[in-house]
Amino acid sequence: MDEKEKEMFEKAKEKAINEMLDKYCSRDPQERLAMRTFLENFLNIIMASERDIYLDKNHHDKANGFYSRNLVAGNWNLELNVPRVRNGKFRPFVLPEPYKRYDESFTDLIISLVANGYSQAEIMNTLKSMGLPYSEKELMKIREEIKEKLDMFKSRELPKDCFALLIDGYHCEIKASSKVKKACIYVVLGIDMEGKKDLYGFYTFFGSENRFDWLKVFNDLIERGLKRVMIVVSDDLTGIGEAIKACYPLADHQLCFVHLQRNVRKNMAKKDASEFNKKLSTIKN
Numbered sequence: 002m003d004e005k006e007k008e009m010f011e012k013a014k015e016k017a018i019n020e021m022l023d024k025y026c027s028r029d030p031q032e033r034l035a036m037r038t039f040l041e042n043f044l045n046i047i048m049a050s051e052r053d054i055y056l057d058k059n060h061h062d063k064a065n066g067f068y069s070r071n072l073v074a075g076n077w078n079l080e081l082n083v084p085r086v087r088n089g090k091f092r093p094f095v096l097p098e099p100y101k102r103y104d105e106s107f108t109d110l111i112i113s114l115v116a117n118g119y120s121q122a123e124i125m126n127t128l129k130s131m132g133l134p135y136s137e138k139e140l141m142k143i144r145e146e147i148k149e150k151l152d153m154f155k156s157r158e159l160p161k162d163c164f165a166l167l168i169d170g171y172h173c174e175i176k177a178s179s180k181v182k183k184a185c186i187y188v189v190l191g192i193d194m195e196g197k198k199d200l201y202g203f204y205t206f207f208g209s210e211n212r213f214d215w216l217k218v219f220n221d222l223i224e225r226g227l228k229r230v231m232i233v234v235s236d237d238l239t240g241i242g243e244a245i246k247a248c249y250p251l252a253d254h255q256l257c258f259v260h261l262q263r264n265v266r267k268n269m270a271k272k273d274a275s276e277f278n279k280k281l282s283t284i285k286n
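Residue numbers for the sequence shown follow the working numbering, so the first one is 2 and each next one is one higher.
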C-alpha cells in the first residue's frame, strides 16, 4: 500500500469510527448502550416466558409476534419487544401499566436476576420479589428459560471479525452464602461489519471493575471465535488500554464521548477545557 492509499484508508477508517461513535455513544452519562441492551434482552426473555405460560393455559389462542414499547425505569429508557397473542388479551405482568414508569429498584432487580444466574434459588427469590402472579411451577418455568438463555449467551459462537466492541462495567451487590458481596457485571456489546448490534456476552466477577477481569472477558471472546476487532469503546478505567492491546493488538481504543470530555476537564486548565469541549461538540454534530 503506497502513501496515498494509506492516507485514503486512514481517512475512511476515521470517518467510519466517527459515524459509529456518533450513533452509539451518547453525551448523556445515563445512556450506557451496552448495559441498556443487556437489560432489554432479559426483560424480553421474561415477557416471552410469560406468553408461553399464558398459551399453556389458553390452547385456543396463538402467538402473534411482537410490538415495540418504550419503558422508562429509573434513569433507563428501554426499547422492548413485547410479545402479543391473536385475541389481544395477553399482557406481560412484568410491565407497568400504560403511561407509568418504574423506579431504579426495578432495574436493580433485573440486574440481580442475571448477576445471580449461577444460583437457581436466588433467581427464584428475585422473581418472587418482582411480584409476578404465578405459581411456583410457573416461576420455575421462567427460571429455566432464564438459565437456558444465560448459558446460551455464555457459550455461543461469535463472528470472527467485529467492527466495534462497546464494553461497560456495572457495579452491583450479590447475595452469596447468606452474605452480600460487591460485584461487577462486565457487559460486551458487539457491532458487526454491517453496523448491527448484538449482545456478545456478560460476566459477573466479585470485587470492583478491573483490567485483569477484562482480560478474562477478552480471552473468552477469543475462545468463542472473535479474533479481530477494529475499535473498542470504553470508559477510562485504569489499565483497560493495556488489556485491550494484549488481546486485540490491532484494535483502536476510543473513550466514549462523556469520558473523553471528563478527561479533557481533568487534564486541561478550566478555560482551555471549556473551549476544547465546545469544539469537540461541534465535531460530534
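For glycine and all other residues, C-beta sits at the position ideal for the given N, C-alpha and C.
Predicted model only: the values in this text are computed from it and were never measured.
L222 and P160 have their alpha carbons spaced roughly 10 Å apart.
In this structure, V234 lies near L167, with their beta-carbon atoms less than 7 Å apart. Separation of Q255 and T239 (C-alpha to C-alpha, rounded to the nearest whole angstrom) is 14 Å.
Beta-carbon to beta-carbon, Y204 and V181 are separated by about 20 Å, too far to satisfy the 8 Å threshold. When secondary structure is reduced to three states using DSSP, N71 falls in the strand class. Looking at the backbone, the Cα of K246 and that of A252 are separated by about 7 Å. The Cβ atoms of M194 and F164 sit closer than 7 Å to each other.
For the pair E98 and F206, the Cα-to-Cα distance works out to about 35 Å. For A184, the enclosing beta strand (DSSP E) starts and ends at K180 to I192.
In this structure R87 does not touch D53 by the C-beta definition: roughly 15 Å separates them, more than the 8 Å allowed.
With fewer than 16 other Cβ atoms from the protein chains shown falling within 10 Å of its own Cβ, M153 counts as exposed. By the 16-neighbour rule on beta-carbons within 10 angstroms, K150 is buried.
Separation of the CB atoms of K155 and H172 is rounded to 20 Å, and the pair is thereby denied contact status at 8 Å. Membership of M231 in the beta strand (DSSP E) is indicated by the continuous run R229 to S235. The shortest C-alpha to C-alpha distance from G191 to any of D162, Y68 and K176 is the one to D162. By the 16-neighbour rule on beta-carbons within 10 angstroms, R144 is buried. When DSSP reads this structure, C173 sits in a beta bridge with A184. The shortest C-alpha to C-alpha distance from P134 to any of F39, E51, M36 and I46 is the one to E51.
Remark: C-beta atoms of A116 and I186 approach each other more closely than 7 Å. For D169, same chain residues with a beta-carbon under 6 Å away, outside a window of 5 residues either side, are R33, A35, M36 and V188 in chain order. Burial is judged here by how many other beta carbons sit within 10 angstroms of a residue's own beta carbon; Y201 has at least 16 and is buried. Between V83 and R70, the beta carbon gap of about 5 Å places them in contact (Cβ cut-off 8 Å). Residue burial annotation: S113 is buried, with at least 16 other C-beta atoms found within 10 angstroms of its C-beta.
G75 places its beta carbon less than 7 Å from that of T108. For P250, the number of other beta carbons within 10 angstroms of its own is below 16, and it is reported as exposed.
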